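Reading through the C-alpha cells given below for one structure.
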Amino acid sequence: MALNKILITGGMGNLGSWLTQHFVAMGWEVFVLTRNERKLEGVSGFQTIHCDISNEEDCINKLSGKEFDYVVHCASVNDGFVQGYPKLAIDVNAWGTRNLLEALKKASVKHFIYFSTFQVYGKYSGKITEETPLETKNDYGLSHLFAEGYVKMFHFNHKIPFTILRLTNSYGCPKDYDSSKWYLVLNDLARSAIEKKKIILKSNGLAPRDFIWMGEVCKIVESLVSKKPTNEIYNLSGEKTYQMLEIARIIQKAYFENFNESVSLSINEDDKTEYPEALVVSSSKLKTIVNYQSEPKFKDEAINVFNFLEKKLV
C-alpha cells in the first residue's frame with residue numbers, strides 16, 4: 001500500500017517542525033521544503049527539498065514534475081524587526097506562495113492547506129469571526145492577505161483544492177536550538193527563567209492574546225488533510241484569551257515545581273496601556289468540520305523548554 005505523500009513548506013520552522021514530526025510519526029512519506037539547513041532534535045525520517053520560495057525559477061526547478069497528495073504551506077517570515085522586512089514579507093509570504101502554486105499547478109494535489117494569520121483582520125480586541133472586516137495594520141498581515149488571494153486565484157484557474165487557516169498564536173517547545181523564534185512569549189520567558197533565573201516582562205503584562213498549542217494544530221491538520229476540501233477560510237484559535245502576565249506566572253510556577261527553586265517575576269511599571277475589551281477569536285466555523293477542544297499546555301511546554309535547554313547545557 002502506497003504511503004500518503006505530504007509536502008510541508010517551512011517544515012523546519014517553528015510550527016513546521018511540529019508538523020514534520022507529527023506526520024513522520026503517523027508513518028507518512030514526508031517531504032520538507034526549506035531554504036535553510038537545520039537540525040531538528042529528535043526528528044528524522046523525512047526527505048528534504050532545498051528551495052527558496054521567493055525565487056520562482058528555483059521553485060519550478062525543484063518541484064515541477066513531483067507529485068504530492070497533500071501540501072501544508074506554512075513557510076513565512078514574521079520577523080518584523082528585521083531591516084527591509086516589508087519587502088521580505090511580500091517576497092516570501094505573498095510572492096513565495098504564488099511561486100509555490102505555480103510550480104504545483106500541474107500536480108495532482110488533493111488538498112492545499114495554507115497557514116495564514118488572524119492579523120489580516122487588524123483587530124486585537126473584541127470578537128473576530130470570518131465575517132469580521134479585513135483592516136490589516138502591518139506588513140505581515142497584508143502579505144498573508146495577498147497570499148490568500150493567490151490561493152483562491154489558483155483554485156479558480158487551476159482547480160487546486162484548498163483550505164486557508166487564519167492562525168492566532170501557536171506555542172510549543174522549539175525543536176531546533178538555533179530557532180529564530182526564541183523571542184516568542186513562552187519560549188522567551190521560559191528561557192529567561194533557565195538562563196537568568198528571573199522572568200522580566202517588557203510590558204505591564206495586561207495585553208490579551210489567544211493561544212493554541214501546536215500539538216493541537218497538528219491534530220487539526222491531520223484531520224483536515226484527508227477530508228474533502230471545502231475551499232473555504234477558517235479561523236484557527238484556542239478560543240480563550242490569556243494575558244501575558246498569566247503566562248508568565250504559569251512559567252514561574254512550572255519552574256518552581258520542576259526545580260524546587262523560585263525565580264523572580266517583574267513587569268514594566270511604566271507601561272500604563274489599558275485593554276478594556278477582551279479578544280475572542282471564534283473557531284466555530286472550523287469546528288463544523290473538525291472536532292477539537294483546545295486545552296492549555298503552557299505548563300507542560302514550559303517544562304519541555306527547561307529540559308530542552310538543560311540538555312543543550314549538558
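The sequence shown runs 1 to 314 under our numbering.
Backbone N, C-alpha and C define an ideal beta-carbon position, used for all residues, glycine too.
Values in this document were obtained by computation on a predicted structure and should not be read as measured data.
DSSP places T48 within a strand segment (E or B) once states are collapsed to three.
Approximately 6 Å separates the beta-carbon atoms of L145 and T136; this is inside 8 Å, confirming the contact. Ranked by Cα distance from Y171, the options E56, V221, P296 are led by P296.
With respect to the 8 Å criterion, C173 and E301 are classified as neighbours on the basis of their beta carbons. Excluding five sequence positions before and after L88, the CB atoms of its chain that fall closer than 6 Å to its own CB belong to V77, given in chain order.
DSSP, read as helix, strand or coil, puts L201 in coil. Pairing V30 with S266, the inter-Cα distance amounts to about 43 Å. No Cβ-Cβ contact shorter than 8 Å links L165 with I90. In the DSSP assignment, V221 falls outside any beta strand (DSSP E) and within the unbroken alpha helix (DSSP H) covering 214-225. By the criterion of a C-beta distance shorter than 6 Å, T48 is surrounded in its chain by V32, once the five residues flanking it on both sides are discounted.
A residue is called buried once 16 or more other Cβ atoms fall within 10 Å of its Cβ, and E148 is buried on that count. The Cβ atoms of V120 and D210 lie no closer than 8 Å to each other. In the DSSP annotation of this structure, E239 is not part of any beta strand (DSSP E), being labelled neither H nor E.
For the options L134, V217, K299, Y234, the alpha carbon positioned closest to that of E257 is the one of K299. Here the alpha carbons of F259 and K285 stand approximately 42 Å from one another.
If the five residues before and after T97 are omitted, its C-beta is found closer than 6 Å to the C-beta atoms of A147, Y150, all from its own chain and listed in chain order.
An exposed status is given to H50, since fewer than 16 other beta-carbon atoms sit within 10 Å of its beta-carbon. Under DSSP, F31 forms a beta bridge with L7, Q47. When C-beta atoms of the region 16-28 are compared with those of the region 215-234, three or more pairs fall below 8 Å, so the two segments count as touching. Per DSSP, reduced to three states, the secondary structure at S17 is helical.
By the Cβ-count criterion, V82 is exposed, with fewer than 16 other Cβ atoms from all chains shown falling within 10 Å of its own Cβ. For the pair of segments examined, the region 231-247 was found not to touch the region 33-41: the number of CB pairs separated by less than 8 Å stays below three. Put simply, the backbone Cα of M244 is about 6 Å away from that of A207. The beta carbons of I128 and F115 sit about 17 Å from each other, so the pair does not count as a contact at 8 Å.
Counting only residues of its own chain and dropping the five nearest sequence neighbours on each side, H73 has a CB closer than 6 Å to the CB of T9, Y114.
A distance below 7 Å between beta-carbons, with the five flanking residues on each side excluded, links D271 to the following residues of its chain, in chain order: S203, N204. The alpha-carbon separation between S262 and E269 amounts to approximately 21 Å.
According to DSSP, residue pairing for N304 in a beta bridge does not occur. Taking each of I194, S108, H111, A107 in turn and checking the Cα distance to K311, the smallest one comes out for I194.
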